[in-house]
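Chemist: Here it is, the structure in full.
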Amino acid sequence: MKNEKNDPFRTLGALLILGRVSNLPTVWSNCVAAWLIAGGDFNWELLQICIGATLLYTGGMFLNDAFDSGFDRQHRRERPIPSGAIPVATVWFWGFFWLGSGVALISSQGKTPAVIVVILALSIILYDAVHKAITFSPVLMAACRFWLYLSVASAAPHGITGLVIWSALALSAYIVGLSYIARKESVHGPLKYWPCSFLVVPVVLASLVNAGGNLTQAIVYSGLLAAWMLYCLRHAFWAPQRNIGRTVSGLLAGIVIVDWLAVAVEPLQVGLLFALFFGMALVFQRFIPAT
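For the sequence shown, our numbering assigns the number 19 to the initial residue and increments by one for each residue that follows.
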C-alpha cells in the first residue's frame, strides 16, 4: 500500500490548498490596477512586483493555517495540518520564507516601497495571529490589500496619488464586506445584510471619479460588478439552502472586477487582461478552495 505521508501528489495538493492559490489572480489584478493608476506601463518592474506580491500572499496564507492549526483541529479537520498532510513546523518555515522573500523583492524597488511593504508584512502577520480572536479582523484583512495597493503604486512613476488612495480604500471596503460574510462560513449564526453596504463602495467611487466623459465605461463596469455581487449573494441570502462558501468564493473572484472598474478608462486590451484574471480565479476555484 502506498504511504500517504510520502505521496508527492498529496503534498503538492496540501501546498496549493495552504497557499490558497486560487486567489492569486486577485493579487495580480490588485498589482496591475495600482500600477496603472500610478502611471506605470507593462514592464519588467511590474512583473517583479507581481512575483513579490505572490510570495507575500502565499507566505501569509501559510502562516494563516499555522496560526489556526488549533482551531482547525476542532472545526476544520480536512485542512492540511490537522489532516496530517504536512507538519505544522514545515508550514511555519515556508510561511516566513515566502513572506520574507516577497518583502525583499518589492523592497528592491526603492525606499518608499520598502517601508510600505514592511508595514504590509507586519499587517499580514498581525491578521494571521489575531483574526480568530477579534471581531474587527475583516478591517485588518482589508488593511493588507490597502498596503499592497500602496506599495505597488509607490514604485510607479506617479507614486501614491489621491486616486490611488481612494481606489485602495474602495477595494478595502469591498474586502471588509466579503470578510464579514466569510466569518459566518465556519461559525453558524444569523447572516445580516449590513456587510453588503461595504461591497458597493467601489461603485460609488467610480460614479464620482468618472462623472465626465468616462461615465459610460464606469456605468458598464459598475453594472458588471453589481450583477456579479447579486449572483454571489443569492447563495447566502436567497437560496433554499444557504451556501456561504460559494458566496465568499464568488466575491473573492469579484475582487478582479473591482480592480477592473478602477481602471475602466484604460484601453480594451487592459480589460481583456482583467477578464483573463477573473476567468483564472473561477477556474482555479474549481480545483483549489478559495477559503
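For every residue, glycine included, the Cβ atom is placed at its ideal position computed from N, Cα and C.
Please state the DSSP three-state secondary structure of S267.
Modeler: Taking the first residue of the sequence shown as 1, we reach residue 267 at position 249. S267: helix per DSSP, three-state reduction.
Chemist: Quick check on L269: buried or exposed, where buried means 16 or more other Cβ atoms within 10 Å of its Cβ?
Modeler: On the sequence shown, residue 269 is found 251 positions in, with the first residue counted as 1. Burial call: buried.
Chemist: Which value, in whole angstroms, describes the spacing of the CA atoms of R95 and T76?
Modeler: As a working mapping, residue 95 is identified with position 77 in the sequence shown. As a working mapping, residue 76 is identified with position 58 in the sequence shown. Between R95 and T76, the C-alpha separation is close to 21 Å.
Chemist: Taking all protein chains shown into account, decide if F295 is buried (16 or more other Cβ within 10 angstroms of its Cβ) or exposed.
Modeler: Position 277 of the sequence shown, counted from the start, is the residue given in the question as residue 295. Classification of F295: buried, given that the 10 Å Cβ count is 16 or more.
Chemist: For the alpha helix (DSSP H) holding L300, just list the boundary residues, first then last.
Modeler: Looking up residue 300 in the sequence shown gives position 282. Counting along the chain, the alpha helix (DSSP H) containing L300 begins and ends at 286-303.
Chemist: DSSP on P220, reduced to helix/strand/coil?
Modeler: Locating residue 220 in the sequence shown gives position 202, counting from the first residue. Residue state, collapsed to three classes: helix.
Chemist: Got a sec? Which residues, its chain only, sit under 6 Å from G311 by beta carbon, not counting five neighbours each side?
Modeler: Past the edges of the chain, shown from 19 to 309, lies residue 311, and the structure says nothing about it.
Chemist: Do I104 and D83 have their C-beta atoms closer together than 7 Å?
Modeler: The sequence position of residue 104 within the sequence shown is 86, counting from 1. The sequence position of residue 83 within the sequence shown is 65, counting from 1. In this structure, D83 does not lie closer than 7 Å to I104 by Cβ.
Chemist: For V50, count the other beta carbons within 10 Å of its own beta carbon; 16 or more makes it buried, fewer makes it exposed. Which is it?
Modeler: The residue given as residue 50 occupies position 32 in the sequence shown. So V50 counts as buried.
Chemist: By the DSSP assignment, the alpha helix (DSSP H) with I50 in it spans what residues?
Modeler: Counting from one through the sequence shown, the residue named residue 50 turns up at place 32. For clarity, residue 50 is Val in the given sequence; the question names Ile instead. Looking at the DSSP string, the run of the alpha helix (DSSP H) that includes V50 is 42-55.
Chemist: Find out if the Cβ-Cβ distance for the pair L279, P213 is shorter than 7 Å.
Modeler: As a first step, residue 279 is located in the sequence shown; it is residue number 261 there, counting from the start. As a first step, residue 213 is located in the sequence shown; it is residue number 195 there, counting from the start. No, the pair does not count as a contact, with Cβ atoms beyond the cut-off.
Chemist: Determine the DSSP secondary structure at P307, reduced to helix, strand or coil.
Modeler: Counting from 1 along the sequence shown, the entry for residue 307 is found at position 289. Three-state result, P307: coil.
Chemist: Return the CA-CA distance between L300 and A271, expressed in angstroms with no decimal places.
Modeler: By one-based count along the sequence shown, residue 300 stands at place 282. By one-based count along the sequence shown, residue 271 stands at place 253. Roughly 7 Å between the two C-alpha positions.
Chemist: So, for F85: in the same chain, excluding its five sequence neighbours on each side, which residues have a beta-carbon less than 6 Å away from its beta-carbon?
Modeler: Your numbering for residue 85 matches position 67 in the sequence shown. Same-chain partners within the cutoff: D146, A147.
Chemist: Taking only three categories from DSSP, how would you classify P208?
Modeler: Counting from one through the sequence shown, the residue named residue 208 turns up at place 190. Three-state result, P208: coil.
Chemist: Measure the alpha-carbon distance for Q235 versus F80 and round it to whole angstroms.
Modeler: Sequence index remark: in the sequence shown, residue 235 carries index 217 (1-based). Sequence index remark: in the sequence shown, residue 80 carries index 62 (1-based). Those two C-alpha atoms are separated by around 38 Å.
Chemist: What is the DSSP secondary structure of P156, reduced to helix, strand or coil?
Modeler: As a first step, residue 156 is located in the sequence shown; it is residue number 138 there, counting from the start. Note: P156 maps to helix in three-state DSSP.
Chemist: Taking buried to mean at least 16 other C-beta atoms within 10 Å of its own C-beta, is R91 buried or exposed?
Modeler: Here residue 91 corresponds to residue number 73 of the sequence shown, with the count starting at 1. By the neighbour-count rule (16 or more Cβ atoms within 10 Å), R91 is not buried but exposed.
Chemist: If you follow the alpha helix (DSSP H) that G70 is in, where does it begin and where does it stop?
Modeler: The residue labelled residue 70 in the question sits at position 52 within the sequence shown. Segment 62-85, the alpha helix (DSSP H) holding G70.
Chemist: If I measure Cβ to Cβ from L158 and keep anything under 7 Å in the same chain, skipping five residues before and after, which residues do I get?
Modeler: Stepping through the sequence shown from its first residue, residue 158 is reached at position 140. Closer than 7 Å at the Cβ level, and outside the excluded window around L158, lie S141, L144, Y145, H149.
Chemist: Could you check whether A174 and G289 sit closer than 7 Å to each other, using their CB atoms as the reference points?
Modeler: Position 271 of the sequence shown, counted from the start, is the residue given in the question as residue 289. Position 156 of the sequence shown, counted from the start, is the residue given in the question as residue 174. No, these two residues do not count as a Cβ contact at 7 Å.
Chemist: Comparing C-alpha positions only, which one of W110, V109, A132 sits nearest to G120?
Modeler: Translated into positions along the sequence shown, residue 120 becomes position 102. For the residues W110, V109, A132, the minimum Cα distance to G120 belongs to A132.
Chemist: For a test of the three-state rule: what should DSSP assign to R95, helix, strand or coil?
Modeler: In the sequence shown, the residue the question calls residue 95 occupies position 77. Here R95 sits in coil by DSSP.
Chemist: Suppose the cutoff is 8 Å on Cβ atoms and the five residues either side in sequence are ignored; what does the same chain contact list for E284 look like?
Modeler: Mapped onto the sequence shown, residue 284 falls at position 266. Once the five neighbours on either side are set aside, the close Cβ partners of E284 are L54.
Chemist: Cβ of L15 within 7 Å of Cβ of W184?
Modeler: Any answer about residue 15 is impossible in this case: the structure gives the chain only from 19 up to 309.
Chemist: Between which two residues does the alpha helix (DSSP H) holding H253 run?
Modeler: Translated into positions along the sequence shown, residue 253 becomes position 235. First-last of the alpha helix (DSSP H) with H253: 233-255.
Chemist: Measuring straight from C-alpha to C-alpha, what distance separates L65 and S155?
Modeler: Within the sequence shown, the letter at position 47 stands for residue 65. Within the sequence shown, the letter at position 137 stands for residue 155. Near 30 Å, if we compare the C-alpha coordinates of S155 and L65.
Chemist: Buried or exposed: which applies to P43, given that a residue is buried once 16 or more other Cβ atoms fall within 10 Å of its Cβ?
Modeler: Within the sequence shown, residue 43 is the residue found at index 25, counting from 1. Under this definition P43 is a buried residue.
Chemist: Going by DSSP in three states, I35 sits in which element: helix, strand or coil?
Modeler: Along the sequence shown, one-based indexing puts residue 35 at 17. Looking at I35 - three-state DSSP - the assignment turns out to be helix.
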